[in-house]
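**Q** Provided herewith is a single structure, encoded as structure tokens, for subsequent inquiry.
There are 2 protein chains.
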Amino acid sequence: MNNNFNIDNFIRDFQSSCHKVTKKTFNKNELITSYIKNRNQFCILIAGNADLVRYDLNGNRTIIEHFSKNDIFGEVFYSVTTNNELIVEAREKCEVLIYLYDDIHNKCRNNCKFHQILSESLPELILSKVTKLNTRVELLTKRSTRDKLLGYFSLLSTKTLSKTLFLPFSLTDLADYLSVDRSAMMRELKLLKDDGFIEKNGNTITLLYK
Amino acid sequence: MNNNFNIDNFIRDFQSSCHKVTKKTFNKNELITSYIKNRNQFCILIAGNADLVRYDLNGNRTIIEHFSKNDIFGEVFYSVTTNNELIVEAREKCEVLIYLYDDIHNKCRNNCKFHQILSESLPELILSKVTKLNTRVELLTKRSTRDKLLGYFSLLSTKTLSKTLFLPFSLTDLADYLSVDRSAMMRELKLLKDDGFIEKNGNTITLLYK
DNA sequence: AATAATTTGTTGCTTTTGCAACAGAAAAAG
DNA sequence: CTTTTTCTGTTGCAAAAGCAACAAATTATT
Numbered sequence: 200m201n202n203n204f205n206i207d208n209f210i211r212d213f214q215s216s217c218h219k220v221t222k223k224t225f226n227k228n229e230l231i232t233s234y235i236k237n238r239n240q241f242c243i244l245i246a247g248n249a250d251l252v253r254y255d256l257n258g259n260r261t262i263i264e265h266f267s268k269n270d271i272f273g274e275v276f277y278s279v280t281t282n283n284e285l286i287v288e289a290r291e292k293c294e295v296l297i298y299l300y301d302d303i304h305n306k307c308r309n310n311c312k313f314h315q316i317l318s319e320s321l322p323e324l325i326l327s328k329v330t331k332l333n334t335r336v337e338l339l340t341k342r343s344t345r346d347k348l349l350g351y352f353s354l355l356s357t358k359t360l361s362k363t364l365f366l367p368f369s370l371t372d373l374a375d376y377l378s379v380d381r382s383a384m385m386r387e388l389k390l391l392k393d394d395g396f397i398e399k400n401g402n403t404i405t406l407l408y409k
Numbered sequence: 200m201n202n203n204f205n206i207d208n209f210i211r212d213f214q215s216s217c218h219k220v221t222k223k224t225f226n227k228n229e230l231i232t233s234y235i236k237n238r239n240q241f242c243i244l245i246a247g248n249a250d251l252v253r254y255d256l257n258g259n260r261t262i263i264e265h266f267s268k269n270d271i272f273g274e275v276f277y278s279v280t281t282n283n284e285l286i287v288e289a290r291e292k293c294e295v296l297i298y299l300y301d302d303i304h305n306k307c308r309n310n311c312k313f314h315q316i317l318s319e320s321l322p323e324l325i326l327s328k329v330t331k332l333n334t335r336v337e338l339l340t341k342r343s344t345r346d347k348l349l350g351y352f353s354l355l356s357t358k359t360l361s362k363t364l365f366l367p368f369s370l371t372d373l374a375d376y377l378s379v380d381r382s383a384m385m386r387e388l389k390l391l392k393d394d395g396f397i398e399k400n401g402n403t404i405t406l407l408y409k
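As structure tokens, this is what we get:
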């Protein structure tokens, strides 16, 4: 059930001589990949932070997903039907392993252990992706900016087992992640403060309720 | 890549003597299951339609996901951290196969083919769940009711290869699915009609653009 | 260390969305 | 075939959210 696939434990087995995987490094703000139908890219982020973003016609940016170490992403998870391009951007220096999804099921010429373990772990890995996405849907279906903020804080708090939260990205990004206007979100943060729900010190939030 | 797991093809192999699976029938509006942490239920809807819904403190109902034939659902896909209960409700008469997720990996006493095929197909099955959820996230991140409606129509249109759409659920449900107020959505539908984007005849929509 | 770029914080105004309420149409139940 | 229930369609008003613009603070860059 719990995701016992630990990339750290088997990354040592990764051999650069492996014929199926490509390892790439990206600098901050660099484009990691752009989702194009039917290329079936499957990526593992082994270092850094990145975002899957969409820019719409009105100039709005939306952070569809936020990836950190050991997260998986790629076209293979998307049936790209949207009009808007989806791109993955490095938020800081990133290291990424890139596969074609179908190649994961076949052993590479060197029969390396990396494939074997990855292939075996794939179901658990994808399952953890599902739970993550479901959490995301739960958050996005909240009706008001207030509920989205409280929901997000609550998730962070549960994850870090602390009432004091250091936001993993800027407030500007948070607004794009919650899919709301930044200034409206700032206003709502102030109201949450005024109403005694939170304490706010720059990008550090302390939850005062429950 | 494409989901080649077809339940119809192997449902014949399903034997009621299988020790790991439970088959249940639910009537319209009946509660199929309620998501409770750590029970690891994994379900396959083999007939009917159902919704995963959340009722919040303000009395709002949200349709988190809509399931139709061959869709999979269950607690195993959720890390239930939310305060609000999530329940799966039958929208019409439903037949459901219920597993405990961990049991899928073990053969049942009868060593039935059902398990074997299900177990082998699991990665693809879960992967298709991911693409579905990503599409859902794409839709929910749209900023306005108008964009949500157009986005939803566009998805339906792509799926059915037709500009004329028969909504798979009521307008009341659609509002709950898009996470917007029903009357506001009705108003927006009228505006879309007035602006010449759509034609609307009850619950049948015709797209006039592109 | 100085300059440039980005992010935070705030506000007035506009637009969109939500809420409440109700009548008519359609569907389900008896 | 009636009656009851649910769904559609509409509206006035209130509340929330978006937009635009700008100053101050913070963070990067040279």
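Residue numbers (this note's numbering), protein chains in the order written: chain A, 200 to 409; chain B, 200 to 409. For glycine and all other residues, C-beta sits at the position ideal for the given N, C-alpha and C. Keep in mind that this is a model prediction, so the values were computed, not measured.
#1: Closer than 8 Å is the cut-off here; do at least three beta carbon pairs connect the segment 329-342 of chain B with the segment 253-264 of chain A?
#2: Starting from the Cα of L406 (chain B), find the closest Cα among B:Y351, B:S369, B:R238 and B:C293 and give me that residue.
#3: Going along the chain, which residues of the segment 312-332 of chain A sit with their C-beta nearer than 7 Å to a C-beta in chain B?
#4: So with CB distances below 8 Å, who are the chain A contacts of V336 (chain B)?
#5: What did DSSP end up calling F266 (chain B) once you bin it into helix, strand or coil?
#6: Pull up the DSSP beta-bridge partners for D301 (chain A), would you.
#7: In the DSSP assignment, what residue or residues form a beta bridge with C293 (chain A)?
#8: Anything in chain B within Cβ reach of S378 (chain A), meaning under 7 Å, just list it in chain order.
#9: Residues in the same chain with beta-carbon distance under 8 Å from L390 (chain B), minus the five sequence neighbours each way, listed in chain order, please.
#10: On the criterion of 16 or more Cβ atoms from any shown chain inside 10 Å, does A383 (chain A) qualify as buried, or is it exposed?
#11: Does the segment 227-236 of chain B come into contact with the segment 264-276 of chain B, if we say contact requires no fewer than three beta-carbon pairs (one atom in each stretch) closer than 8 Å?
#12: Please report the Cβ distance between K268 (chain A) and I245 (chain A), rounded to the nearest whole angstrom; I am assuming they are in contact, meaning their Cβ atoms lie under 8 Å.
#13: Report yes or no: is there a C-beta of chain A within less than 8 Å of the C-beta of S233 (chain B)?
#14: On the premise that K292 (chain B) lies in contact with K222 (chain B), defined as a C-beta separation below 8 Å, what is that separation, rounded to the nearest angstrom?
#15: Answer yes or no: does any C-beta atom of chain A fall closer than 8 Å to that of F272 (chain B)?
#16: At 3 residues or longer, what runs of the beta strand (DSSP E) sit wholly inside the segment 335-359 of chain B?
#17: Sort A:T359, A:V336 and A:D270 by Cα distance to N248 (chain A) and report the nearest one.
#18: Thinking H265 (chain A) and Y376 (chain A) are a contact (beta carbons under 8 Å), I'd like their distance in whole angstroms, please.
#19: Compare the C-alpha of G401 (chain B) against each of B:V379, B:L364 and B:G395 and name the closest.
#20: I need the DSSP call for E319 (chain B), collapsed to helix, strand or coil.
#21: Mapping the DSSP letters down to three states, classify D250 (chain A) as helix, strand or coil.
#22: What does L230 (chain A) pair with, by DSSP beta-bridge criteria?
#23: Could you tell me whether the Cβ of Y277 (chain B) comes closer than 8 Å to any Cβ of chain A?
#24: What number of angstroms, rounded off, separates the C-alpha of F313 (chain A) from the C-alpha of C242 (chain A)?
#25: Can you give me the Cβ contacts of K392 (chain B) inside the same chain, cut-off strictly under 6 Å, excluding the 5 residues immediately before and after it?
#26: Find the residues of chain B that neighbour N259 (chain A), judging by a C-beta separation of less than 7 Å, and give them in chain order.
#27: L299 (chain A) and Q240 (chain A) - do their beta-carbons sit closer together than 8 Å?
#28: How would you label N333 (chain A), buried or exposed, when you count the other beta carbons within 10 angstroms and need 16 or more for buried?
#29: Checking the sheet assignment: what are the DSSP bridge partners for E398 (chain A)?
#30: With the cut-off set at 8 Å, would you say I404 (chain B) and L366 (chain B) are in Cβ contact?
#31: Using only the alpha-carbon positions, how far apart do I325 (chain A) and D394 (chain B) sit?
#32: Provide the residue span of the alpha helix (DSSP H) that contains I373 (chain A), from first to last.
#33: What is the DSSP secondary structure of L324 (chain B), counted as helix, strand or coil?
#34: With H, G and I counted as helix, E and B as strand and the rest as coil, what does DSSP make of L390 (chain A)?
#35: Quick check on L332 (chain B): does DSSP put it in helix, strand or coil?
#36: Cβ of V329 (chain B) within 8 Å of Cβ of E288 (chain B)?
**A** Concretely, from the data shown:
#1: yes
#2: On the second sequence, residue 406 (chain B) is found 207 positions in, with the first residue counted as 1. Of the listed residues, the one whose Cα sits closest to L406 (chain B) is B:Y351.
#3: L321, P322, I325, L326, K328, V329, T330 and L332
#4: Mapped onto the second sequence, residue 336 (chain B) falls at position 137. I263, E264, L332, R335, V336 and L339, listed in chain order.
#5: Position 67 of the second sequence, counted from the start, is the residue given in the question as residue 266 (chain B). F266 (chain B): strand per DSSP, three-state reduction.
#6: As a position in the first sequence, residue 301 (chain A) is number 102, starting the count at 1. D301 (chain A) pairs with nothing; no bridge assigned.
#7: Here the question's residue 293 (chain A) lines up with position 94 in the first sequence. Beta-bridge pairing links C293 (chain A) to A:F225.
#8: For this step, residue 378 (chain A) is matched to residue 179 along the first sequence. In chain order: T340 and R342.
#9: By one-based count along the second sequence, residue 390 (chain B) stands at place 191. Closer than 8 Å at Cβ, skipping near neighbours: R345.
#10: Working through the first sequence from its first residue, we reach residue 383 (chain A) at position 184. Looking at its Cβ environment, which holds fewer than 16 other Cβ atoms inside 10 Å, A383 (chain A) is exposed.
#11: yes
#12: Taking the first residue of the first sequence as position 1, residue 268 (chain A) is located at position 69. Taking the first residue of the first sequence as position 1, residue 245 (chain A) is located at position 46. Indeed, because the Cβ distance is near 7 Å, the residues count as touching under 8 Å.
#13: Numbered from its first residue, the second sequence carries residue 233 (chain B) at position 34. By this cut-off, S233 (chain B) is not an interface position.
#14: Stepping through the second sequence from its first residue, residue 222 (chain B) is reached at position 23. Stepping through the second sequence from its first residue, residue 292 (chain B) is reached at position 93. With 8 Å as the limit, K222 (chain B) and K292 (chain B) do not qualify as a contact, their Cβ atoms being about 14 Å apart.
#15: Your numbering for residue 272 (chain B) matches position 73 in the second sequence. Answer no: the Cβ-Cβ gap between F272 (chain B) and chain A never drops below 8 Å.
#16: none
#17: Residue numbering aside, residue 248 (chain A) sits at position 49 when the first sequence is read from its first letter. Checked all of A:T359, A:V336 and A:D270; the closest Cα to N248 (chain A) is A:D270.
#18: Your numbering for residue 265 (chain A) matches position 66 in the first sequence. Your numbering for residue 376 (chain A) matches position 177 in the first sequence. Right, their Cβ atoms sit about 7 Å apart.
#19: For the purposes of this step, residue 401 (chain B) is taken as residue 202 along the second sequence, with counting starting at 1. Looking at the Cα atoms, B:L364 is the closest of the given residues.
#20: Looking up residue 319 (chain B) in the second sequence gives position 120. Note: E319 (chain B) maps to helix in three-state DSSP.
#21: For the purposes of this step, residue 250 (chain A) is taken as the residue at position 51 of the first sequence. In this structure, D250 (chain A) counts as strand in the three-state DSSP scheme.
#22: Numbered from 1 along the first sequence, position 31 holds the residue referred to as residue 230 (chain A). Bridge partners of L230 (chain A): A:E288.
#23: As a position in the second sequence, residue 277 (chain B) is number 78, starting the count at 1. So, interface residue.
#24: The residue you call residue 313 (chain A) lines up with position 114 of the first sequence. The residue you call residue 242 (chain A) lines up with position 43 of the first sequence. Roughly 14 Å between the two C-alpha positions.
#25: As a first step, residue 392 (chain B) is located in the second sequence; it is residue number 193 there, counting from the start. K399.
#26: The residue labelled residue 259 (chain A) in the question sits at position 60 within the first sequence. Within 7 Å Cβ-Cβ: R342.
#27: Residue numbering aside, residue 240 (chain A) sits at position 41 when the first sequence is read from its first letter. Residue numbering aside, residue 299 (chain A) sits at position 100 when the first sequence is read from its first letter. Against a cut-off of 8 Å, the Cβ pair of L299 (chain A) and Q240 (chain A) comes out as a contact.
#28: Looking up residue 333 (chain A) in the first sequence gives position 134. It is buried - the Cβ of N333 (chain A) has at least 16 other Cβ atoms within 10 Å.
#29: Within the first sequence, residue 398 (chain A) is the residue found at index 199, counting from 1. Looking at the DSSP assignment, E398 (chain A) forms a beta bridge with A:T405.
#30: Residue mapping note: residue 404 (chain B) aligns to position 205 of the second sequence, counting from 1. Residue mapping note: residue 366 (chain B) aligns to position 167 of the second sequence, counting from 1. Yes, Cβ-Cβ distance for I404 (chain B) and L366 (chain B) is below 8 Å.
#31: For the purposes of this step, residue 325 (chain A) is taken as the residue at position 126 of the first sequence. For the purposes of this step, residue 394 (chain B) is taken as the residue at position 195 of the second sequence. Going from the Cα of I325 (chain A) to the Cα of D394 (chain B) covers about 42 Å.
#32: Position 174 of the first sequence, counted from the first residue, corresponds to residue 373 (chain A). According to the sequence displayed, residue 373 (chain A) carries Leu and not Ile. Run containing L373 (chain A): L370 to L377, per the alpha helix (DSSP H) assignment.
#33: Position 125 of the second sequence, counted from the first residue, corresponds to residue 324 (chain B). It is helical.
#34: Looking up residue 390 (chain A) in the first sequence gives position 191. It is helical.
#35: On the second sequence, position 133 is the one that residue 332 (chain B) refers to. Helix.
#36: Sequence index remark: in the second sequence, residue 329 (chain B) carries index 130 (1-based). Sequence index remark: in the second sequence, residue 288 (chain B) carries index 89 (1-based). Contact flag unset, no.
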